[in-house]
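From first to last, the protein sequence lines stand for chains E and D. Quick note: the first sequence uses the UniProt record's numbering, first residue 1, plus one each step. Quick note: the second sequence uses the UniProt record's numbering, first residue 1, plus one each step. Quick reminder that beta carbons are idealized off the backbone N, C-alpha and C, glycines included. Notes follow once the structure below has been shown.
Number of protein chains: 2
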Amino acid sequence: MSTSRTEALWRELKAVLPPEAVVTDADVLESHRRDQAEWAPAGMPGVLVRPASTSEVQAVLRVATALRVPVVARGAGSGLSGGANAVEGGIVLSLMRMNRVLEVDRRGMFAVVQPGVLNAAVKSAAAEQGLWYAPDPASWEFSSIGGNLATNAGGLCCVKYGVTGDAVLGLEAVLADGSVVRTGGRTMKTSAGYGLTRLFVGSEGTLGIITEATLKLRPRPPPATTLLAAFPTLVSAGIAVTDIMATTRPSLLELMDRATVRAVEAHAAMGLDVESAALLLARSDAGGKQGAEETAAMAAVCEAAGATFVTQSTDEAEGELLMQARRLAYPALEKQGATLLDDVGVPLSRIPELLAAIERIATTRAVLIGTFGHAGDGNMHPTIVFDRDDAHASVRARAAFDEIVEAALALGGTITGEHGVGALKQPFLEAQLGAGGMHLHRSIKAALDPLGLLNPGKVV
Amino acid sequence: MSTSRTEALWRELKAVLPPEAVVTDADVLESHRRDQAEWAPAGMPGVLVRPASTSEVQAVLRVATALRVPVVARGAGSGLSGGANAVEGGIVLSLMRMNRVLEVDRRGMFAVVQPGVLNAAVKSAAAEQGLWYAPDPASWEFSSIGGNLATNAGGLCCVKYGVTGDAVLGLEAVLADGSVVRTGGRTMKTSAGYGLTRLFVGSEGTLGIITEATLKLRPRPPPATTLLAAFPTLVSAGIAVTDIMATTRPSLLELMDRATVRAVEAHAAMGLDVESAALLLARSDAGGKQGAEETAAMAAVCEAAGATFVTQSTDEAEGELLMQARRLAYPALEKQGATLLDDVGVPLSRIPELLAAIERIATTRAVLIGTFGHAGDGNMHPTIVFDRDDAHASVRARAAFDEIVEAALALGGTITGEHGVGALKQPFLEAQLGAGGMHLHRSIKAALDPLGLLNPGKVV
């Protein structure tokens, strides 16, 4: 964008927003160019706007529409697919000043929040009323609800409590033309009109800017009981996963492959079995004796599937120790080199095939790949570790990343389970959705954002 | 539509479909005019088509597009809002010949079914693999999955397991132009592209015709424990509902008001307390001792809220007896006269206000209204009972129906919790969604069905 156009943009924005909401400082713009997806392309924004209200978001979008300038919405910047990466010369719209919990209704079991609130703050506000906001992406302490909504973020609890979209009762969003729409409401159920709440959730800022969300709260679950099991083969671990899912209701069911276990053990000697093909971690929050019984049932399933080691605990502190192995997975892999974190999903029954394919890719591409993730959802995070200073290794890592996505698709899976398409997965979307699916996506995009100003180049 | 146009329509359809798929018999057409919503308008269709495959559905829609003839999709005809009511001279497309369970994948925990399969048949097919298809609308024994999907049907299990949409992993649908699209897939989670599965679910055949669904299966829950409690006031029952929801995880939480209890007691003397303002029925399927503990916790909540009578049972047969009171609610009210069944939802905390408003409406309109429903979701079915032969009573009943919908809206609620908008609630939709919401609905409708051929006059 030319300097004169950028200056016109600044002028128009400053005319409708308070001074603190329009930022043109080059260093600040640089720091708002991208999220955490290192390899996704990012432009240099022409301006950063920091609206403090829905009406200020409307004002920004009216200016953007008048001047035909693209707008990229942004939360805490913790995204992993480049969904918040800036467009050259465009507007970056940070929602981090809209960071209030507007209401927590204990009897209604919902919270009304602005998009810049951190997930952790929603959890705290719910806990103050004795309630629970379930969704728990790994980034929950530093990611915004707006970003969680934009990507339909997942987490560890999804296996029992669903993804972010499952916890949303209603939304307020500003469309590209500056108009405000509301979807859903404060009721637990509604069949009135189209499922537009779920259309905006996961749309990564390409259909509208979410300015308020009504989130469903739940009772706090009882303390969890925990299980750790080691398996000699990927197939035996896969059988344990599907048999656990078919017979019990785990509140968590995570897997780590051998490469991940070895990285964790190298990072913090925990006495994990580094010869196992995979470890499973499972929890029950059924509560009381039933929690212990459910964990025992899961242990029996693991043993029947051929686990070489099974340990369980009803003690919360002990359970947290077992959980440490899983929590250290990504930090431990990161210590071994530069990382490229993938996010794919397959039908539950295909997990062993996915893991075997990833092992083959690691061998042929001569890279280390540690795979861990949400086994109970079939959602895995193969993490490619490589030497950043070795240009060849970087190329091989990128090739491995692509091959993992292709392997998931070949198994009837998805190119992203919870991180979103963003810029990083955009080249793969048509392979998953087909030409008809892409056409349908583009029809809806055109209906809501006819000028194509909202986060262009992402998703569709 | 003129006779010559209708004959041209028959000719074109017979050219692309096998003879048994094109029905022009007047008696059969008459029997396919409407669903169970007595008061919703219905036209006389020009033809009934009964495709046996997706490609036959495509053929129908291509003919419809070429000749500009409206198409109303239809399942078992058990709908309660006129969503399947025919358009004069149009095509009624019955999906009841597409009635196969194509696949049940135990390890993948999903079933692939055609839309004409009954809900009961999906449950049976899942049970054969030791699994469970959760959604349980009251019509589950005679409603089709296609209809359940079209209305995003609810039921008794929703309070713990969600609505129909929560059990859908993916869809195949035919658009108005005859093209086929697929949404979602066989994975438990995906963030790849827009939430189009939830856009088609609940769209009542106005955006596309669902020709296949991939449904999520769950482990079969343990036997339930059951609780019945009687309350002296609506407010005390409402407090019990919100306190149960905030502290426990009931697998069912149903309410019956005094008028309903009296009707049930008149129909089958069960010894229910006809002086109570409301009865609550709750269940826990936590299993084992935890189920009993959870039910005891709910009983304690009821007592603290002021229940005058509480009984609980861990015995399945005894629990079924307690459930009989709820199951008889609608049949018992139907015995007292003609009925008009409403379906509204309010935020959980507003249930007592809704029930009080309904009592006022019953008084001012001089009709009997029995209210029962899914208290844990805030979704109520006020049922207006009147003398069909009394024209004045019919007018008053209809006025009461409208006033109940308005009362729900005034409490921040929804005009339909689970039956769908159809024709019956269409006049109220704008009051709930606002002008902006309606505009957005129409934009999406225009993007997917630019000629407006799919179920015109319904929803939007």
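Residue i - partner residues in DSSP beta bridges
{"i": "D/H381", "result": "D/F372"}
{"i": "D/G345", "result": "D/N379, D/T414"}
{"i": "E/I210", "result": "E/A173"}
{"i": "E/G184", "result": "E/G170"}
{"i": "E/F110", "result": "E/D105, E/K216"}
{"i": "D/D257", "result": "D/A278"}
{"i": "residue 542 of chain E", "result": "Residue 542 of chain E is absent from the structure shown; chain E starts at 1 and stops at 460."}
{"i": "E/T339", "result": "E/V385"}
{"i": "E/I91", "result": "E/V47, E/V71"}
{"i": "D/S440", "result": "As written in the sequence, residue 440 of chain D is Leu, which differs from the Ser given in the question. DSSP, once it has assigned bridges, lists no residue as partnering D/L440."}
{"i": "D/W132", "result": "D/R218"}
{"i": "E/R326", "result": "Looking at the DSSP assignment, E/R326 forms no beta bridge with any residue, so it has no partner."}
Neighbourhood of residue i by C-beta distance below 7 Å, restricted to the same chain and skipping five residues each side
{"i": "D/V101", "result": "A111, V113, V117, A121, V122, A125"}
{"i": "D/R62", "result": "G178"}
{"i": "E/L368", "result": "A259, Q336, A362, V385"}
{"i": "D/K160", "result": "R249, P250, S251"}
Contacts that residue i makes with chain D (C-beta to C-beta distance below 8 Å)
{"i": "E/P70", "result": "By Cβ distance, chain D contributes nothing, its closest Cβ being about 19 Å from E/P70, past 8 Å."}
{"i": "E/T6", "result": "Within chain D, no residue comes near E/T6; the closest Cβ sits about 32 Å away, beyond 8 Å."}
{"i": "E/G288", "result": "K289, Q290, E293"}
{"i": "E/C302", "result": "Here the premise fails: no neighbours, minimum Cβ distance about 16 Å."}
{"i": "E/P219", "result": "M245, A246, T247, T248, R249"}
{"i": "E/A447", "result": "S443, I444, A446, A447"}
{"i": "E/E418", "result": "K189, S191"}
{"i": "residue 465 of chain E", "result": "Coverage of chain E is limited to positions 1 through 460, which leaves residue 465 of chain E absent and any answer about it impossible."}
Per-residue contacts from residue i into chain E (C-beta, under 8 Å)
{"i": "D/Y194", "result": "L199, G202, S203, L207, H441, I444, V459"}
Coarse secondary structure for residue i, derived from DSSP in three states
{"i": "D/A84", "result": "coil"}
{"i": "D/T54", "result": "helix"}
{"i": "D/W10", "result": "helix"}
{"i": "E/M245", "result": "helix"}
{"i": "D/L199", "result": "helix"}
{"i": "E/L429", "result": "helix"}
{"i": "D/A423", "result": "coil"}
{"i": "E/L61", "result": "helix"}
{"i": "E/R100", "result": "coil"}
{"i": "D/T363", "result": "helix"}
{"i": "D/F142", "result": "coil"}
{"i": "D/V159", "result": "helix"}
{"i": "D/S78", "result": "coil"}
{"i": "E/R34", "result": "coil"}
Near the ligand FMN: residue i beta-carbon under 6 Å from a heavy atom
{"i": "D/E88", "result": "What this structure holds is no ligand at all, so the ligand FMN is not there to describe."}
Within chain D, partners of residue i - CB distance below 7 Å
{"i": "E/G434", "result": "R182"}
{"i": "residue 538 of chain E", "result": "There is no way to answer for residue 538 of chain E, as the model of chain E reaches only from 1 to 460."}
{"i": "E/C157", "result": "The premise fails here: E/C157 is roughly 12 Å from chain D at the closest Cβ pair, so nothing lies under 7 Å."}
Proximal chain E residues relative to residue i, where beta-carbon distance stays under 7 Å
{"i": "D/G415", "result": "A small fix is needed here, since residue 415 of chain D is Ile in this sequence, not Gly. A192, listed in chain order."}
{"i": "D/R106", "result": "A246"}
{"i": "D/V163", "result": "K189"}
{"i": "D/S349", "result": "D105, R107, G108"}
{"i": "D/S179", "result": "G436"}
{"i": "D/G154", "result": "K189"}
Same chain only: Cβ atoms within 6 Å of residue i, ignoring 5 sequence neighbours per side
{"i": "E/R350", "result": "L411"}
{"i": "D/A42", "result": "R33, R34, N85, A86"}
{"i": "E/G83", "result": "E204, G420, G422, K458"}
{"i": "D/D387", "result": "G337, A393"}
Nonlocal neighbours in the same chain, by C-beta distance under 8 Å from residue i, ignoring five residues either side
{"i": "E/Q324", "result": "A268, M270"}
{"i": "D/P331", "result": "H267"}
Partners in chain E for residue i, counting only beta-carbon separations shorter than 9 Å
{"i": "D/L131", "result": "A246"}
- Item | the stretch 6 to 25 of chain D touching the stretch 38 to 56 of chain D, judged by at least three CB pairs closer than 8 Å | A contact exists between the stretch 6 to 25 of chain D and the stretch 38 to 56 of chain D.
- Message: Any contact between the stretch 191 to 210 of chain D and the stretch 437 to 445 of chain E? By contact I mean 3 or more CB pairs, one from each, below 8 Å.
- Response: These segments touch.
- Is the stretch 130 to 141 of chain D in contact with the stretch 242 to 253 of chain D, if contact means three or more CB pairs nearer than 8 Å? Too few Cβ pairs lie closer than 8 Å, so no.
- Query: Taking three-plus beta-carbon pairs below 8 Å as touching, is the stretch 402 to 421 of chain E in contact with the stretch 342 to 349 of chain E?
  - Reply: Three or more beta-carbon pairs separated by less than 8 Å link the stretch 402 to 421 of chain E to the stretch 342 to 349 of chain E, which places the two stretches in contact.
- Message: So, does the stretch 355 to 374 of chain E touch the stretch 153 to 172 of chain E, judging by three or more C-beta pairs under 8 Å?
- Response: The stretch 355 to 374 of chain E, when compared against the stretch 153 to 172 of chain E, does touch it at the 8 Å Cβ threshold.
- Task: Examine the Cβ distances between the stretch 180 to 187 of chain D and the stretch 206 to 220 of chain D and report whether three or more of them are shorter than 8 Å.
- Result: A contact between stretches requires three or more CB pairs, one per stretch, nearer than 8 Å, and the stretch 180 to 187 of chain D meets this requirement with the stretch 206 to 220 of chain D.
- Inspect the CB distances between the stretch 352 to 361 of chain D and the stretch 310 to 328 of chain D and report whether three or more fall short of 8 Å. No, they do not touch.
- Taking 8 Å as the threshold, find out whether the stretch 277 to 295 of chain D comes into contact with the stretch 220 to 230 of chain D through three or more Cβ pairs. Pairwise C-beta distances place the stretch 277 to 295 of chain D in contact with the stretch 220 to 230 of chain D, as three or more of them are shorter than 8 Å.
- Message: Would the stretch 7 to 17 of chain D count as touching the stretch 56 to 74 of chain D if we require 3 or more Cβ pairs under 8 Å?
- Response: With the cut-off at 8 Å, the stretch 7 to 17 of chain D and the stretch 56 to 74 of chain D touch.
- Query: Which residues, in order along the stretch 222 to 243 of chain D, keep a beta-carbon less than 7 Å from a beta-carbon of chain B?
  - Reply: The question asks about chain B, but that chain is absent: this structure's protein chains are E and D.
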